[in-house]
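Numbering (the working numbering), first residue to last: 598 to 750.
And the structure:
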């Protein structure tokens with residue numbers, strides 16, 4: 598568990614948070630601190646068409662993704678390529694989460710849940726073979742992150 602937390606912290610130093618917020622307080626239910634500290638071990642896939650959703654629960658929003666022209670997304674390595682999956686942030690009071698206040702929020706819930714299996718298809722060449730780096734379809738269009746403000750001491 599300690600190694601997982603350290604890995605999350607190291608990964609977080611390379612990423613920056615992002616996106617707009619929407620109120621959906623009925624879905625942003627409170628979790629206990631112990632639930633937020635537990636991380637889910639994410640399954641690995643040897644299948645180039647399958648990947649599994651990461652666990653963002655308990656992470657500071659500044660650690661979950663990166664900004665790219667007003668889009669906040671996380672990079673998923675899939676087979677021999679990668680895809681960026683955008684985030685949608687939901688706060689209890691409707692406050693927008695942006696690059697300026699991303700450190701003020703942490704994730705309490707996510708949809709889809711960690712380890713949800715997702716599938717992709719690759720674009721095909723004229724001869725019917727697949728490109729190794731061009732994704733045609735992806736079953737995951739976005740990741741919803743329900744966030745709460747970090748308590749200031």
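Beta carbons: idealized from backbone N, C-alpha and C, even for Gly. Quick caveat: nothing in here was measured; it's all calculated off a predicted structure.
Residue-level contact to chain D via CB, residue i, 8 Å cutoff
i	result
residue 699	Included in the structure is just one protein chain, with no chain D present.
Distance, residue j Cα to residue i Cα
i	j	result
residue 713	residue 643	16 Å
residue 724	residue 648	26 Å
residue 587	residue 681	In the structure as shown, the chain starts at 598 and stops at 750, and residue 587 therefore has no counterpart that could be examined.
residue 664	residue 638	26 Å
residue 734	residue 661	23 Å
residue 777	residue 676	Here the chain has residues from 598 to 750 only, and residue 777 is not among them.
Buried/exposed call for residue i, threshold 16 Cβ in 10 Å
i	result
residue 659	buried
residue 749	exposed
residue 671	buried
residue 788	Nothing about residue 788 can be read from this structure; the chain reaches only from 598 to 750.
Candidates the options: closest to residue i by CA position
i	options	result
residue 708	700, 739 and 725	739
residue 702	715, 687 and 710	687
Pair within 8 Å by beta-carbon distance, residue i and residue j
i	j	result
residue 744	residue 694	yes
Where residue i falls: helix, strand or coil (DSSP)
i	result
residue 680	strand
residue 695	coil
residue 651	coil
residue 645	coil
residue 724	coil
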